[in-house]
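See structure below.
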Amino acid sequence: MIEIFAFSKENGLRRMTDVAVLPGLLKEETEFVWVDLESPTEEEAQILSTIFNFHPLAIEDCIAESHLPKLDDFGDYLFLVLHGARRGDSSGGFKTVELNFFLGKRYLVTYHQQLSRSINRTKERCLKNSLAMSRGMDFLVYEILDGTVDNYFPILDDFDEVINDLEHEAIHNPSKETLNRIFSLKRDGMSLRRVTSPQREILNRLSRDPFAVINKRTAIYYRDVYDHLVRIADLAESYKDLTTGLLEAYLSVVSNRLNEIMKLLTVFTAVMMPLTVITGIYGMNFKNIPELNWSYGYPFTIGFMAIIAFVMLGFFRWKKWI
Amino acid sequence: MIEIFAFSKENGLRRMTDVAVLPGLLKEETEFVWVDLESPTEEEAQILSTIFNFHPLAIEDCIAESHLPKLDDFGDYLFLVLHGARRGDSSGGFKTVELNFFLGKRYLVTYHQQLSRSINRTKERCLKNSLAMSRGMDFLVYEILDGTVDNYFPILDDFDEVINDLEHEAIHNPSKETLNRIFSLKRDGMSLRRVTSPQREILNRLSRDPFAVINKRTAIYYRDVYDHLVRIADLAESYKDLTTGLLEAYLSVVSNRLNEIMKLLTVFTAVMMPLTVITGIYGMNFKNIPELNWSYGYPFTIGFMAIIAFVMLGFFRWKKWI
Amino acid sequence: MIEIFAFSKENGLRRMTDVAVLPGLLKEETEFVWVDLESPTEEEAQILSTIFNFHPLAIEDCIAESHLPKLDDFGDYLFLVLHGARRGDSSGGFKTVELNFFLGKRYLVTYHQQLSRSINRTKERCLKNSLAMSRGMDFLVYEILDGTVDNYFPILDDFDEVINDLEHEAIHNPSKETLNRIFSLKRDGMSLRRVTSPQREILNRLSRDPFAVINKRTAIYYRDVYDHLVRIADLAESYKDLTTGLLEAYLSVVSNRLNEIMKLLTVFTAVMMPLTVITGIYGMNFKNIPELNWSYGYPFTIGFMAIIAFVMLGFFRWKKWI
Amino acid sequence: MIEIFAFSKENGLRRMTDVAVLPGLLKEETEFVWVDLESPTEEEAQILSTIFNFHPLAIEDCIAESHLPKLDDFGDYLFLVLHGARRGDSSGGFKTVELNFFLGKRYLVTYHQQLSRSINRTKERCLKNSLAMSRGMDFLVYEILDGTVDNYFPILDDFDEVINDLEHEAIHNPSKETLNRIFSLKRDGMSLRRVTSPQREILNRLSRDPFAVINKRTAIYYRDVYDHLVRIADLAESYKDLTTGLLEAYLSVVSNRLNEIMKLLTVFTAVMMPLTVITGIYGMNFKNIPELNWSYGYPFTIGFMAIIAFVMLGFFRWKKWI
Amino acid sequence: MIEIFAFSKENGLRRMTDVAVLPGLLKEETEFVWVDLESPTEEEAQILSTIFNFHPLAIEDCIAESHLPKLDDFGDYLFLVLHGARRGDSSGGFKTVELNFFLGKRYLVTYHQQLSRSINRTKERCLKNSLAMSRGMDFLVYEILDGTVDNYFPILDDFDEVINDLEHEAIHNPSKETLNRIFSLKRDGMSLRRVTSPQREILNRLSRDPFAVINKRTAIYYRDVYDHLVRIADLAESYKDLTTGLLEAYLSVVSNRLNEIMKLLTVFTAVMMPLTVITGIYGMNFKNIPELNWSYGYPFTIGFMAIIAFVMLGFFRWKKWI
């Protein structure tokens, strides 16, 4: 699907879908043009080479799912690959949305296979406020990026929540399921770090290095996006330590709990042993065991066994073993 | 709440609360102006844009809780976000206080949602000594920062104390509560590192890079704050190793203690086993067990069992198992 | 085996195997020459010194298996050692293929002991499209490198698959074999990192630094290969964390499983102990044990023992120990 | 306590204690002056500001115990904080001695709260050889630093010895005390790293960067001190790995030893169990147990029990369990 | 022992042992002089200061065992400390040989306390081929370094072999001795890293930085030695991971093996318990136990006990516990 937004001071904002108007618009010195390709057909994607004449390598990277953020400066235009993120179906997980940008002085081409909330929101803003595109194409990219980066925060909140949940679960009610969730959290955190760290570097370059197509006044806005990404990458990094801590806590608690049980049961067994020996003694068939003939031999022995058991329990308790 | 401190050599120090005087003061070449906004209303916060005309991004970051220290140079003024720290309610914890600074050549705007001890102390010093503001606004910032950074040291002392406590507890009286406290210490240490490390970088830039609004002679004072922050960040970093060591110590001691118990009880069980077998033997109903008819069979057997028990205990002791 | 590809605009593409033509070709200003030595004899390898007059150190490194990627700039020509990879026989493993390049302005010498798929494919492309060599020798190197690097991806897919397999195996059916496979995966991952990281650095230099024999327009193609290598090295790095996670998961699951068994058996033992004591009590030979003479003493005692066993099991279940 | 050493080619070396002569000496272009303040009174310390007029921040850092090495260049003079080390009372520990230097072109002020062996030795050398101060104040600093750094080596030797001791102890005779000593060694090693690493950086700057008060010919001597510090920091770093290895060894050995005991005792218990069952069988009161009436039933059963025990022990030994 | 090799185009190569000729040789513009001091007496060592007039610090470092590689540029000459390695007596270990070089434009002084194979081999080459010294003293150093570095490879092969051995041992036959060997391997690997990493840096500087006494054409040969050292340091680094992996494997296998034993024995004990209870039941002295009077009570009970044992074993096997 192709959508074209054109803006000039004379003509205001126009929304079109026919690519035939593009060559004309691109020649007009006063026109700003934004072309958005959402999950385009192969035919639609060909405008990248036929109309815009982008470098074959950039087009290849644009069409392929590249997984890795990228910033290539071709002089006339920048080629930019970044990733948005969307809550996954299950709790704590997330999915990435690849966004490709070709940013020229007077045009912007965005290319994405999946629906992007931040691009849609920017479109709406353009339609509502016809001056939105008048601040230049680099500012338009800023607006999209700002929305994209802001979408990370609910995901980070999810992480926080899951970590808190798991911390409580690991300490108070650890189960095999807890272990599974910790490992899945670990993997999600790793994905998050791998997605955010290189984006941070790219925004850093966008905000700091001089590029022909980026106005110096816009760079400070990119800096702002960069600052947000620093915080995101920072949090993603800290989830690593937290998850490792979770695993340590889980293992400590599980092992402690099991040890407690083993200890109690071993104590119990130890208390029973002397009783068995005593009953064994008076079960022996010796002719001459005086106690057996005493009138109160039996209750006395039972009482003695009870005393032994209580003394041992008392001793273990005094030793703080139970 | 807005407080305005104005100083000029002719007029001395004046303390005001009415923002209406600000435009006039800012125009005077000889006036130094400090505007402090403590948990301001939305209306009060608007002077940032209406009177000072700061960059919208800086104002946005100022009003939002940004969690991350920041240093943005807008040429005419610096925008600075730093964090003070305050002892938390519980032992060992701490809370951060976000301080925002807009530092111009002849004005300083401080903005903070919570009461800040170091800002209050600087105000008092200005009121007592009317020349306090005469060394320039950058020096005023130094005085606030110096106080802010010094407030970290009691928190570090708390950490030291808690670590020493926990070390003693982990080695001599480890309990599940110890584990909880270690993990909470770990998290606090992580927060401390995340708050102090970026601040150190910012003070480094403040003391080293040339900024239009910072006098070269003040930079050496910033360097001093930087040195303090290096030490704080260094200590915060070392708490990481110490906490990991604590956890290792705890786990070693708990595991050793449990193993000791298990060992003793297993030894005990092992000693009881042969006694049971012996009583079992003389409990058998064979017609022809000569020992059963001996007059001293019973006391002899009891004695034999006692000897076996003692020999085994002696053997275990000799082997250093008990 | 030596193959020679010569191309000039006048003469088109020619494929030869006789080294005698080389000196003549190299003198012609308009000829591009590619010499491929595949597992050459010692005699064949001598053309490196006799005809091309390369530096003795470069020739030595070329002939020896150097294991380490390398980029040496000799001004007139670059000497380049890179490694392709091929699936190993067993699942998850891989083998490296060393490729040596001497890249001059108008000639390219490739030297490799083993068959290289990417070199063969480039040869085929040259034979099919006679203009393939017209874009310069540096572009030819790009085409070979691009193929070489693309060959890493199936190996990475193998890794992914093995990791997923092992993850499932470690959590649901851990055995000693799983441990062996995890350690072998760990070693493979280490090899992969050691092969890819230095190659990434070399491609970085190739794409960024100015070299006499590399056209600036080709550098962007090298950049593309570099981007692929960044992703490969990145994935290889992440396998490290994943493998460590695997080991942790395996150890946790094995230890949990064993602990479960030990716990159940200990519970079982603990339930049996009091029963033994009770039978012992009524096995004692005291003259005067009233219960022994009761008519229903025996069934009552058996019932009492059953009750004790059930109460204990209920207690353990209530405590969630079983 | 204040000691003043003055040297000029005309007047030779003089040793004084009266600060009143200082202003005169400092004015003389040909005089070299060394002022040593050892645990000075507050009054004595005031010469830093009254006579030398040092920067207030430097004086503040000098008087406070700063814990962190420091190098501040004030143009006319360098302010330097470094730490010597002294064997602690207990084995393996050490204490640091803070040394403050103000190094000018023709004067040196040393300030330290505790007695410093290297400063005393340098004083003696000056008194013995009146030309010792003629090589400049920067060379005097080198001589003090050289002595200071050399004092680290006996401490490193102590470390080595303690590590060797503990290694032997951990493998052959591990006790709870061993664990304590390992943790205390760990803490000492951490202190050593924290003291030596920043000093190394400072000596690196002293030997490499140009400073007004340091002669280029002296820099190579500073380089030598730097090389020693590199080695010290390197060793301190390696103690980290060695201590971690110690802990691992200790834990492995303790756990192995305990497991050995548990295994032996469990084997012992397992051997006793069938014997108990057999005695139980012939202790049953069935009317009709033929074996009970056999003449040799009893010795035969005892023999059978012995055979069972030996077969089991043999089996366990064959399995290498005992 | 002092050996002097002098070479000039006019006089060819001469081998001398008398230091008296040195001053004369050093004055001749056309003479190349190599002085080798092997475990020299104190008197012999004095030529460093008396004849060559080297810097006192360099001489001090040369005579002392410095343990740390070093490269000091004194303008006229370079002072270089590097370490060769020799197989130790025991398998897997190694010893270092310190080599000191003073490299001038026309002279080379080598100083070593122990016999050095690579120096001896270079001497032989000089004696065989009189032109060996004609390529300059820097090339002579390259030849010695090349031999020195090549001597590391057999040691690395030893490491490889020991690691493979230990891997097999750890998985198939782990014993306490294995643990000792792993820890000793760990220490050796650490020594190897500490020896090779700084040498790599020094060769990097030698091959890259401009030095007055090193010909630019020789630098590429130094680069080659550097590449070998990169590979050595790389392998040494990878031994770290491999050794850690070994320890993990050892601990996993030992713990698994022990757990297996414990499990089997516990299962065995659990099977015995109910049998004991049954024999206990029929050993009770109740008047009225009907089963005791049955003719087949005894064999029936024995059979019942056998069935219980088999059912339990079958259950455990079904659960995959044994």
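Protein chains in written order, with this note's numbering: chain R, 1294 to 1615; chain G, 1294 to 1615; chain X, 1294 to 1615; chain B, 1294 to 1615; chain Z, 1294 to 1615. Even for Gly, the Cβ is constructed at its ideal location relative to N, Cα and C. All of these numbers come straight from a predicted model, not from anything done at the bench.
Asked                                                                                                                                                                         : Found
How many angstroms separate the CA atom of residue 1336 of chain B from the CA atom of residue 1393 of chain B?                                                               : 18 Å
For residue 1404 of chain R, which residues does DSSP report across the bridge?                                                                                               : R:1330 and R:1393
Whose CA, out of G:1428, G:1308 and G:1377, lies closest to the CA of residue 1444 of chain G?                                                                                : G:1377
With 8 Å set as the bound, which would you pick, yes or no: does the beta-carbon of residue 1479 of chain Z sit closer than that to a beta-carbon of chain B?                 : yes
Can you give me the C-alpha to C-alpha distance between residue 1585 of chain X and residue 1580 of chain B, rounded to a whole angstrom?                                     : 17 Å
On the criterion of 16 or more Cβ atoms from any shown chain inside 10 Å, does residue 1515 of chain X qualify as buried, or is it exposed?                                   : buried
Have a look at Z:1306, Z:1341, Z:1476 and Z:1301 and flag the residue whose alpha-carbon is nearest the alpha-carbon of residue 1323 of chain Z.                              : Z:1301
Is residue 1399 of chain X closer than 8 Å to residue 1325 of chain X when the C-beta atoms are compared?                                                                     : yes
Are the C-beta atoms of residue 1315 of chain Z and some chain B residue less than 8 Å apart?                                                                                 : no
Report all residues from its chain with a CB closer than 6 Å to the CB of residue 1406 of chain G; omit the five preceding and five following residues, and keep chain order. : 1332
For residue 1580 of chain R and chain X, any beta-carbon pair shorter than 8 Å?                                                                                               : no
Per DSSP, residue 1374 of chain X forms a beta bridge with which residues?                                                                                                    : X:1363 and X:1393
How would you write the range of the beta strand (DSSP E) that residue 1295 of chain R sits in, first residue to last?                                                        : 1295 to 1301
For residue 1605 of chain B, report the span of its alpha helix (DSSP H) as first-last.                                                                                       : 1590 to 1611
Could you work out which residues of chain G lie near residue 1588 of chain B, taking near to mean beta carbons separated by less than 9 Å?                                   : 1580 and 1581
Does any residue of chain Z bring its CB to less than 8 Å from the CB of residue 1576 of chain X?                                                                             : yes
Less than 8 Å separating the beta-carbons of residue 1372 of chain Z and residue 1338 of chain Z?                                                                             : no
In whole angstroms, what is the alpha-carbon distance linking residue 1501 of chain X and residue 1309 of chain G?                                                            : 59 Å
From this set, B:1531, B:1611, B:1402 and B:1469, which residue's C-alpha is nearest residue 1545 of chain G's C-alpha?                                                       : B:1469
Measure from the alpha carbon of residue 1453 of chain X to the alpha carbon of each residue in X:1490, X:1425 and X:1535, then state which is nearest.                       : X:1535
Please name the residues in the segment 1451 to 1483 of chain X whose beta-carbon is closer than 9 Å to at least one beta-carbon of chain Z, in chain order.                  : 1469, 1472, 1473, 1476, 1479, 1480 and 1483
In three-state DSSP terms, what is residue 1388 of chain G?                                                                                                                   : strand
Between residue 1573 of chain X and chain R, is any beta-carbon pair separated by less than 8 Å?                                                                              : yes
Report all residues from its chain with a CB closer than 8 Å to the CB of residue 1463 of chain B; omit the five preceding and five following residues, and keep chain order. : 1471, 1475, 1539, 1542, 1543 and 1546
For residue 1450 of chain G, is the classification buried or exposed, using 16 other Cβ atoms within 10 angstroms of its Cβ as the cut-off for buried?                        : exposed
Please determine whether the Cβ atom of residue 1463 of chain R lies at a distance below 7 Å from any heavy atom of the ligand GTP.                                           : Judged by which ligands are present, the structure shown has none, so any question about the ligand GTP falls away.
Answer with buried or exposed for residue 1610 of chain G, where buried requires no fewer than 16 other C-beta atoms within 10 angstroms of its C-beta.                       : exposed
Tell me the DSSP secondary structure of residue 1305 of chain Z in three-state form.                                                                                          : strand
So, is residue 1349 of chain G buried or exposed, given that buried needs 16 or more other C-beta atoms within 10 angstroms?                                                  : exposed
So, helix, strand or coil for residue 1399 of chain Z, using DSSP?                                                                                                            : coil
So what's residue 1345 of chain G in DSSP terms, helix, strand or just coil?                                                                                                  : coil
Give the DSSP bridge partners of residue 1380 of chain R, in chain order.                                                                                                     : R:1387
My guess is that residue 1559 of chain G and residue 1573 of chain R are in contact by the Cβ rule of under 8 Å, so how many angstroms apart are they, rounded?               : Contact doesn't hold; Cβ gap of about 20 Å is too wide.
Kindly indicate which three-state DSSP category residue 1452 of chain X falls into: helix, strand or coil?                                                                    : helix
Could one say the Cβ of residue 1567 of chain Z lies closer than 8 Å to chain X's Cβ atoms, at least one of them?                                                             : yes
To which residues of the same chain is residue 1388 of chain R closer than 6 Å at the C-beta, ignoring the five residues directly before and after it?                        : 1379 and 1381
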